[in-house]
Ligand code: HAM
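So, in structure tokens, the structure goes:
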């Protein structure tokens, strides 16, 4: 029978790599809850229309990257390419806005984008996501960004750069888009890649962050959105920067940071690392003040971010190897049950360890205890079974003593904190 392989761009997460993901999730829980965020879990499958309407019909994600298919009744469904749209839908569906003035939520989970797989880019990847609804305050932008910064710091990451921009609002951005289009009309068409030639008419801002070298050259000459913000957007952006400077969270202004999703307004940001190659963006986010309304809800501002867990994992040193406290070697068939009982008792006292399921000689079992890096190897044979004792071997010093089984906890104490 032939073996069934996995789908291209989808990966298995197995130990030890998977322990990084648990660490990222646990750290997110600890850091985000200190800021008042609560966990939310939303479906991975949503109506296609949700993503088309929120992320934007003209974006690369909606045009070329979604896993979309009809269900058995012919309704078009999409595996979520990101979490914000689903969370905004859940915010509305559950009328969360009527419960509290501001709502802070976080989630983790798999996202799906039909992109060309490479290092740091997968078709199924994972994000840590945080969203804040219900406030226009620039302090909220700054707080969210400082939370992201602290989170990345807690993961032990360094050598990161925070890029910051403002994309303006529905009052000032159309005027900027018009100026940009006027400028682009003066440029030779062949200087733009085919995608940007189309975007020139549909989504001109995206040309600013196109990675094709010729488009980048054109973008360098183009008008800057920062020079075209309305007074309110400028004041908002100034306030965000003032708080970030006071905290301090270091950032660089990047007027070409437009992000790949259409729901953004005002503050946008990305965290990049120079240590992981081409897919350098480890986190991205921004304000989406029109999104909830666009989905049929009340006028309600919002801001959030998502970190790419595969990319964070590339930068993390974790896991430190966890050291078991004991390996209990059963030397005789008759002692197998008692081995289980003793191991159970130790685990009840928070010691970590394993016990052999088959009786084997001491030599091979000591070798295994060594391989597991267990602090102690406990040897249980017929003699010990009869005398209600057990041999305790300290694997580091080599000391070996016979202990009463009833006092085994004392033999293993003090419990190591690194395990
Ligand atoms: P995004 O910039 O599309 O934003 O994705 C956020 C992060 O997800 C990226 O910085 C990257 O680290 C990671 N990522 C994206 N695509 C892939 C991929 N194919 N493979 C591996 N990692 C990937 C969003 O998704 C927005 N929803 C963020 C947000 C939340 N904005 C407001 N709230």
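Residue numbers (my numbering): 32 to 450.
Positions of the beta carbon are idealized from the N, C-alpha and C atoms, including for glycine.
Distance check for residue j and residue i, CA to CA, integer angstroms please.
i	j	result
residue 219	residue 245	11 Å
residue 186	residue 58	7 Å
residue 201	residue 47	47 Å
residue 191	residue 277	19 Å
residue 161	residue 400	42 Å
residue 196	residue 222	25 Å
residue 323	residue 308	35 Å
residue 367	residue 445	26 Å
residue 284	residue 349	31 Å
residue 243	residue 224	7 Å
residue 72	residue 126	16 Å
residue 262	residue 123	31 Å
residue 157	residue 434	48 Å
residue 430	residue 418	21 Å
residue 388	residue 361	8 Å
residue 74	residue 82	13 Å
residue 63	residue 295	22 Å
residue 52	residue 217	49 Å
residue 68	residue 130	15 Å
residue 381	residue 50	20 Å
residue 188	residue 391	45 Å
residue 395	residue 357	15 Å
residue 80	residue 149	29 Å
Less than 6 Å between C-beta atoms, sequence neighbours within five positions excluded: which residues of the same chain meet that for residue i?
i	result
residue 355	383, 384, 403 and 405
residue 374	359 and 386
residue 139	56 and 159
residue 310	151 and 152
residue 174	none
residue 180	280
For a quick check, are the C-beta atoms of residue i and residue j less than 8 Å apart?
i	j	result
residue 359	residue 289	no
residue 332	residue 165	yes
residue 341	residue 153	yes
residue 260	residue 199	yes
residue 135	residue 182	no
residue 280	residue 176	yes
residue 343	residue 313	yes
residue 317	residue 334	yes
residue 264	residue 203	yes
residue 411	residue 369	yes
residue 193	residue 319	no
residue 40	residue 155	yes
Less than 8 Å between C-beta atoms, sequence neighbours within five positions excluded: which residues of the same chain meet that for residue i?
i	result
residue 77	108, 109, 111, 116, 117 and 120
residue 33	none
residue 448	For residue 448, the predicted structure reports a pLDDT of 44, less than 50, and the residue's modelled location is therefore unreliable. A value from the coordinates is still provided. Closer than 8 Å at the Cβ level, and outside the excluded window around residue 448, lies no residue.
residue 439	373, 376, 377, 409, 421 and 423
residue 70	60, 136, 137 and 138
residue 253	211, 214, 215, 238 and 239
Helix, strand or coil for residue i, going by three-state DSSP, please let me know.
i	result
residue 69	strand
residue 246	helix
residue 33	coil
residue 267	helix
residue 293	coil
residue 238	helix
residue 155	strand
residue 432	strand
residue 353	coil
residue 160	strand
residue 22	No statement about residue 22 is possible, as the shown extent of the chain runs from 32 to 450 and does not include it.
residue 348	coil
residue 281	coil
residue 219	coil
residue 45	coil
residue 55	helix
residue 307	coil
residue 169	helix
Near residue i, which residues of its chain fall below 7 Å by C-beta distance, leaving aside the five closest residues on each side in sequence?
i	result
residue 426	400, 401, 405, 406, 407 and 408
residue 84	325 and 326
residue 286	196, 255, 256 and 257
residue 163	133, 135, 171, 175, 333, 334 and 335
residue 413	363, 365 and 366
Using a C-beta cutoff of 8 Å, does residue i count as contacting chain C?
i	result
residue 153	No chain C is part of this structure, which consists of one protein chain only.
Do the region 86 to 106 and the region 224 to 244 make contact, defined as three or more Cβ pairs closer than 8 Å? Contact holds: three or more Cβ-Cβ distances are below 8 Å.
- [ ] Check whether the region 93 to 105 touches the region 138 to 146, counting contact only when three or more Cβ pairs, one atom from each stretch, lie closer than 8 Å.
- [x] The region 93 to 105 vs the region 138 to 146: in contact.
Evaluate contact between the region 170 to 181 and the region 265 to 274, counting only Cβ atoms and requiring at least three cross-stretch pairs below 8 Å.
At 8 Å Cβ cutoff, the stretches touch.
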